[in-house]
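Notes for the one structure printed next.
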Amino acid sequence: MIMPIEQPLLEILACPIDKQGLLLFQDETILYNPRLRRIYRLSGGYPVMLANRAEPATDEEHRRLIKRASHGEAVGTAGHTAESISQQFTA
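This is the structure we're talking about:
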């Protein structure tokens, strides 16, 4: 069972490296930073927001996640919408 991240946490959740909003893909249990191409996993419903635990995203993974976000399949964090985060990466 996937536990949703509560809205108050989504409002303040940011990348520990660049301190900006992330894209939440609840169905994949990941948070994604498209600027740095880093993936943060959720473990037991909680985000693991440690810089040294972030996984690099391949070019293919980046394109796939941006496409999903641009189709409304992600939620933005840190007061941003998924569209505002992903729009700079769509051509």
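Here my numbering = 1-based position in the sequence shown + 12. Even glycine gets a Cβ: it sits at the ideal position worked out from N, Cα and C.
N-terminal and C-terminal residue of the alpha helix (DSSP H) that residue i is part of
i, result
"I29", "It is not in any alpha helix (DSSP H) - I29 carries neither H nor E in the DSSP assignment."
"L77", "71-82"
"A94", "94-98"
Residue environment, residue i, which counts as buried when at least 16 other CB atoms sit within 10 Å
i, result
"Y58", "exposed"
"S55", "exposed"
"N64", "exposed"
Own chain residues within Cβ distance below 6 Å of residue i, not counting five before or after
i, result
"A69", "R49, I51"
Limits of the beta strand (DSSP E) - the one that residue i falls within
i, result
"I17", "Note, I17: premise wrong, no beta strand (DSSP E); not H, not E."
"L62", "L62 -> no beta strand (DSSP E), and no H or E assigned at all."
Cβ-based neighbour list, residue i, same chain, cut-off 7 Å, excluding 5 preceding and 5 following
i, result
"F101", "P46, I78"
8 Å CB neighbourhood of residue i in its chain, flanking five on each side removed
i, result
"A26", "Q32, G33, L34, T89, A90"
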